[in-house]
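Below: the structure, in structure tokens.
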Amino acid sequence: MQRVINKLGATLSASLTLVLGLCATSAVFVATSHLEDDAVKLDFERRASLRAYTIQRGLEEAVQVLSVINHFHATVGDPSREQFRAFTRPLLERYPYVRAFGMQRFVSDQDRLVFEALRQGAVPGFQITTLVDGKPERAPQRTSYLVVDYVEPVATNESALGLDLSGNPVVMQTLEAALATGRPASTLPIRLAQSGSDQRGLLVLQPVYRGGVQPNGAEARRAALLGDTSAVLQATELVKKILDGAGLMEDSEIGLRIFIGPKADDTTLVFRHDSVARQGSWADSLLALGRLFSQPSATMSSFDIAGQTWHVEISMPPRSVFVDHYGSLLILLAGVIASLLGAAYMRALSMRSHRVQQLVEDKTAELRHTNALLSDDIKARRTAESALLLRHQAIEASANAILILSAQAPDYAIEYANPAFGRITGYSQAETVGKSIRFLEGRDSDPEGFETVWIAMREQREHNVVLRNYHKDGSELWNDFYIAPVKDENGAVTHFVAALYDITSMKRYEAELEFQASRDTLTGLINRHMLRHHLEQAIGVAERQKQALWLVFVDLDRFKFVNDTLGHKAGDTLLRTVAGRLRAAVREADTVARLGGDEFIMILPEQDELTLDTRSLQRIMDAVAAPITLGGHTLFMTCSIGVACYPADGTDGETLIKHADIAMYRGKQTGRNNFQFYTPAMNEQALERLRIEGDLRSALDNGEFLLHYQPKVDLASGQVIGSEALIRWQHPQLGMVSPARFIGLAEETGLILPIGAWVLRTACTQCRAWQLAGHDDISVSVNLSVGQFLQKDLVSSIAEALEDTGLPPASLELELTESLMMTDVEHAIGILNGLKELGVRLSIDDFGTGYSSLAYLKRFPIDVLKIDRSFVRDITIDADDAAITASIISLARHLKLRVIAEGVETDEQLDYLRHYGCDEIQGYLFSPPVPAEKFEQILRQERVMI
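Residue numbers (our numbering): 371 to 1316.
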């Protein structure tokens, strides 16, 4: 009961003290806040007046600057463009809110052309323009024009130069106002030619008079008017620069709106700067004192500038009560704090006994807290025990083997092994505990690996090593072994923990990858990478023992034909078979490798009991040549072999391979199915071939190719009726290079495509030139290569060449070989039909030397058969060639085809061909291939050739 009475007495005294203090504080606070409110209103009025005065003064200065320019014009008379620029430049720098100064002058229509011509001397392209949809266009004809003659700066106002303002009613009304008052006049906001479509500005005008003196009276001023000077002001930019210059734009609390016109509304608004309310304190969200104070709202002032009324509205948003009432708020805060402190003091005096009781209660609570801490400690111990149990279960459940070993040397006995150790090694825990880890060693285990583990344990440090052990059943076991010391609370090592990761499957995979990296996956022979390693070892042995070594380069003949005809699967089977035969054809000590494709490399070292001879090479060729049956087809393959000898032909592997390759290529050139030993002369030939290949790539760009034309003679009339275009290469160092030396290279490198296109276009151009010279019936034939024939755009490219050169399609004959068309008959027929639709003639070249099928021959839309020169050469002495030639002529007649024989060199050959009805002939009997100029001379002779 006493405690209750003490509490009530203390509360009443404290409450009375608090109420008296708060009443006194409120009275002082209200009086002080009224004084602060008056100060805020005065500050707003001062700031508003300053802005209105600054804007008015800046505008008056802008108009005054125009009067200075007008005075300058009156003083100088008629200033030049340079004088105008020099005078206005410092004014523009001083008054940055003026966008431009200009001068307009009246020009009569009869003086327009002279005026434009004079101004074009200084301003290229100058003309009198007008605005149409916001774009300057040449002004239509008027009686007179008010033209913007000068404007500065030109860079940002170039679109206004030459603009005719006489058609702008706003400008003309403003000029009339200036004439009437004799003072500068301003337009209302208008869109400027040099500004964007969404920007408006003011044009302030002041008339310029003859003699430089302003007459008295409006009519006299109109009579003396020459033009006007102007100041271009962008209203928004002008006001902003005036306020920026006075540092007034930084005050974001003041809102500003400016209007130009008789009334202030949204249609006459030219500048707007919205105010940003000052952020109030956090107390505004808790107290509602802001309603007790009235805030400044807005003020409006108006003034006249250059005949236009400007209205300036200045406003300020509602302000937080805590922004401008710091003094009254401090008084309020101090009074409240003093009241609270007084009340607290009174309560403290009466609560002394209560504090003693509170102390007793605090001690009781402290004892309760101690009991709670003891309970938490017990709970933590139980949690730790659960965590230890969880770790033990995790070790037991681990998929990797975990061992705990004693730190006692020398055995470091195993004290614990988890179940995974038994699954990985096959040894149970009973067979493991108490033993040294060495019991996993086998006869051929890695002793050095175990030794490093023993050293790490003796040095009591961590260690990681890959070990090869053995499973209980004797199988090989690879593991990644990691061991680390376990220390007690004093830092002494008492045990070792070891983790054993089974990596046997990974090691097997690595071994498989290593085999695949060194072996050819198709044949099982060593690959290019391992070949270099074997070759380096063989060269090292040969060098130490002073013995010879052969490097044999084997390339299958016509392997591509097998791939193309029987398919890649049959080609792979063939390569595996040949690889096995090559391995069987050499000694055990010899090395056989597949270099790639159908190329093989063999390393044949000389041995003490066996010497190297050509019989070894013959065995290799015989092994390859044995019959092979693939898909029901029996094949008889051959190979070309190149041999390079160590050390005579090279002392390093790269050189030996290169020289053996050169020798093999020589074997290909000499008819295939033979072997060639490398000689330095072969290298010279290879280098020459390489040089020709390099020069060939630039020959077309350098204009080194030319065409010779061999006449085609009609046997019936004896007249030249056509020509065959044959390419020649005029090499700058080698002279005239035979086509046999570079055509094959061009086909290998792909250069045959641009070369063939050049030949076609050049031949068509030349043939058309002959026709235009009067030889209307002349035609030209061009040979197509395999690469050209397989181009997807062949037909379109030929059509384009005919169209560009103007050659009639019937005057072009395309020559194709038998083998080219028989590679893919259906595809060839499609291309030939496309060419026939163009109207060109088609010829089968070297007919009889390929393997044409007569069934397919009748499907080809061809026009001419060309007998190969190999048949024509011996028709007078070889009965077989004569019979073949006669058969071809007969076949062509029955198929209604024309037939032409090439390579005619004797009269006897000519008589034979004429006897059997050959249509056309060409050969050295009449003329070799000659340049275009010589061929034209032959055409002009207009004589019978035979």
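We put the beta carbon where it would ideally sit given N, CA and C, even for glycine.
These numbers were taken from a predicted model, which means no experiment stands behind them.
Residues in the same chain with beta-carbon distance under 7 Å from glutamate 829, minus the five sequence neighbours each way, listed in chain order, please. Counting only Cβ-Cβ distances below 7 Å, and skipping sequence neighbours, we find nothing.
Give me the Cα-Cα distance between tyrosine 1221 and lysine 1228, rounded to the nearest whole angstrom. With a pLDDT of 49 at tyrosine 1221, under the threshold of 50, the modelled position of this residue cannot be trusted; read the value that follows with caution. So the alpha carbons of these two residues sit roughly 14 Å apart.
Report the partner residues of glutamate 1094 according to the DSSP bridge assignment. Answer is Gln1080 and Ser1151, bridged to glutamate 1094.
Please report how far the alpha carbon of glutamine 915 lies from the alpha carbon of glycine 1041, in whole angstroms. Rounded to whole angstroms, the separation of the alpha carbons of glycine 1041 and glutamine 915 is 37 Å.
So, helix, strand or coil for glutamine 678, using DSSP? Reduced to three states, the DSSP call for glutamine 678 is strand.
Looking at C-beta atoms only, is the number of pairs between the stretch 897–908 and the stretch 929–944 that lie closer than 8 Å three or more? The stretch 897–908, when compared against the stretch 929–944, does not touch it at the 8 Å Cβ threshold.
Along the beta strand (DSSP E) that carries glutamine 830, what are the first and last residues, could you check? Taken as a continuous stretch (DSSP letters only), glutamine 830 belongs to no beta strand (DSSP E), as it is neither H nor E.
With isoleucine 1259 and tyrosine 1282 assumed to form a contact (beta carbons below 8 Å), what rounded beta-carbon distance in angstroms separates them? With 8 Å as the limit, isoleucine 1259 and tyrosine 1282 do not qualify as a contact, their Cβ atoms being about 10 Å apart.
Own chain residues within Cβ distance below 8 Å of proline 466, not counting five before or after: Excluding residues within five positions, the ones whose Cβ falls inside 8 Å are Lys611 and Gly615.
From asparagine 839 to aspartate 872, what distance separates their C-alpha atoms? Asparagine 839 and aspartate 872 have their alpha carbons spaced roughly 10 Å apart.
Using 9 Å as the threshold, is the C-beta distance between glycine 1092 and glutamate 969 below it? Cβ distance not < 9 Å, so glycine 1092 and glutamate 969 don't count as in contact.
Using the DSSP secondary-structure output, state which residues sit across from methionine 972 in a beta bridge. BP columns for methionine 972 point to Val922 and Val962.
Spatial distance of tyrosine 715 from serine 383 (CA atoms): Their backbone Cα atoms lie some 10 Å apart in a straight line.
Identify every residue that forms a DSSP beta bridge with lysine 857. By DSSP's assignment, lysine 857 forms a beta bridge with Val863.
Would you check if the distance between the CB atom of glutamate 522 and the CB atom of arginine 475 is smaller than 9 Å? Their beta carbons are not under 9 Å apart, which means glutamate 522 does not touch arginine 475 by this criterion.
Can you tell me which of the three DSSP states histidine 443 falls into? Helix.
May I have a chain-ordered list of the alpha helix (DSSP H) segments no shorter than 4 residues that lie completely inside the stretch 895–921? Complete alpha helix (DSSP H) runs here, min 4: 898–915.
Less than 6 Å between C-beta atoms, sequence neighbours within five positions excluded: which residues of the same chain meet that for valine 962? Result list for valine 962: Leu895, Leu952, Arg953 and Met972, in chain order.
In terms of residues, what are the limits of the alpha helix (DSSP H) holding glutamine 453? Element bounds for glutamine 453: 451–464.
According to DSSP, is histidine 841 helix, strand or coil? Looking at histidine 841 - three-state DSSP - the assignment turns out to be coil, as it is neither helix nor strand.
Exposed or buried, leucine 656, counting other C-beta atoms within 10 Å across all chains shown (16 or more means buried)? Residue placement at leucine 656 cannot be trusted, given a pLDDT of 43 that sits under 50; what the coordinates show is reported in the next sentence. Leucine 656 comes out exposed.
How should proline 1298 be labelled, buried or exposed, when 16 other C-beta atoms within 10 angstroms of its C-beta is the threshold for buried? Under this definition proline 1298 is an exposed residue.
When you compare only the Cα positions, how much space is there between alanine 1127 and aspartate 960? Distance between the alpha carbons of alanine 1127 and aspartate 960 is about 50 Å.
Using a Cβ-Cβ cut-off of 8 Å (strictly less than) and excluding sequence neighbours within five positions of methionine 876, which residues of its own chain qualify? If we look at methionine 876 and ignore the five residues flanking it on each side, its Cβ neighbours are Trp848.
In this structure, how does DSSP classify arginine 928 when only helix, strand and coil are distinguished? Here arginine 928 sits in coil by DSSP.
Note the first and the last residue of the continuous beta strand (DSSP E) segment covering phenylalanine 471. For phenylalanine 471, the enclosing beta strand (DSSP E) covers residues 470–478.
In terms of DSSP beta bridges, what is glutamate 316 paired with? Past the boundaries of the shown model lies residue 316; the chain is included only from 371 to 1316, so the question cannot be answered.
Given this structure, state the Cα-to-Cα distance separating leucine 412 from valine 398, to the nearest angstrom. Computed Cα separation, rounded: 22 Å.
Helix, strand or coil for valine 493, going by three-state DSSP, please let me know. For valine 493, the secondary structure class from DSSP, reduced to helix, strand or coil, is coil.
Leucine 773 to alanine 881, Cα distance in whole Å? Each residue's Cα considered, the two are about 29 Å apart.
Which of helix, strand or coil DSSP assigns to cysteine 1288: Note: cysteine 1288 maps to coil in three-state DSSP.
Return the first residue and the last residue of the alpha helix (DSSP H) that leucine 1115 is part of. Start and end: 1109–1119.
Of the choices Ser645, Ile1148, Leu1085 and Val1242, whose alpha-carbon is the least far from that of methionine 619? It is Ser645.
For the pair the stretch 1301–1309 and the stretch 1265–1281, tell me if three or more CB-CB distances fall below 8 Å. No, the stretch 1301–1309 is not in contact with the stretch 1265–1281.
Taking only runs that begin and end inside the stretch 618–646, name each unbroken beta strand (DSSP E) of 3 or more residues, in chain order. Listed in chain order, the complete beta strand (DSSP E) runs (minimum 3 residues) inside the stretch 618–646 are 625–630 and 639–643.
Would you list the residues sitting across from threonine 999 in a DSSP beta bridge? As DSSP reads the structure, threonine 999 sits in a beta bridge with Thr1004.
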